[in-house]
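A short write-up of the structure that comes next.
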Amino acid sequence: MKATKAPIAALLIMAALPAAALGGGGLPEQVREANARFRDVNQAVKEGYSPIPCTSGIDGGAMGIHYVSADLIKDEAIDLSKPEAVMYEPDEHGKMKLVAVEYITTKGPANLGGQLFSFTNAPNRYGLPAFYELHVWAWKNNP
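Numbering (mature numbering (1 follows the signal peptide of the UniProt record, and there is no 0)), first residue to last: -21 to -1, 1 to 122.
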């Protein structure tokens, strides 16, 4: 029973992030300030991020289009201004709009600004070893 409580608690904490993101202050505000440069997808590409295939919905990526930095994933460090992934969605004109960032590490349990990371065990759909992740929807509400 204890093994299932921690992941559920982490998911509940993550669910609270979108409301805080739109209200200002806290971790989402810090993330917005530290990562404002990624509003331009070309900046992400310049910094070594590449788009990857993602879980799809009917009209495209269900969680946006992920641009991932393999170097940042390998370094294991969690740095507010260096997310392992930045997430975009195309607007009505096809321009990529920044919606969220994702922090990833295999070291854990992990937290950032008091927010616990969600644990993804291996084997998983990504073919990766077990890892911890935290999505921060700092530019779009994600109900």
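Glycine included, C-beta positions come from ideal geometry on N, C-alpha and C. Quick caveat: nothing in here was measured; it's all calculated off a predicted structure.
Euclidean distance between Cα positions of residue i and residue j
i, j, result
"A89", "D70", "33 Å"
"L6", "G92", "6 Å"
"N14", "N103", "28 Å"
"F110", "P30", "20 Å"
"G27", "F98", "25 Å"
"E8", "E81", "15 Å"
"M75", "L51", "22 Å"
Whole-Å CB distance - residue i paired with residue j, under 8 Å assumed
i, j, result
"Q94", "L113", "6 Å"
"A11", "A117", "Note that residue 11 is Arg in the sequence shown here, rather than Ala. Yes, R11 and A117 are in contact; Cβ-Cβ is about 5 Å, under 8 Å."
"Y115", "A79", "Rather than Tyr, the amino acid found at residue 115 in this sequence is Val. Going by Cβ atoms, the distance from V115 to A79 rounds to 6 Å, so yes, they are a contact pair."
Enclosing alpha helix (DSSP H) for residue i [first to last residue]
i, result
"L59", "Where L59 is concerned, there is no enclosing alpha helix (DSSP H), given that its DSSP letter is neither H nor E."
"I52", "49 to 54"
Strand pairing of residue i, partner residues [DSSP]
i, result
"T99", "F110"
Start and end residues, beta strand (DSSP E) containing residue i
i, result
"E25", "Here residue 25 turns out to be Lys, not Glu, going by the sequence shown. Element bounds for K25: not the beta strand (DSSP E) but the alpha helix (DSSP H), 20 to 25."
"A13", "Unbroken run through A13 is the alpha helix (DSSP H), 5 to 13; no beta strand (DSSP E)."
Please determine if the region 18 to 34 and the region 58 to 74 are in contact, where contact requires at least 3 C-beta pairs separated by less than 8 Å.
With a cut-off of 8 Å, the region 58 to 74 and the region 18 to 34 count as touching, because enough Cβ pairs lie within range.
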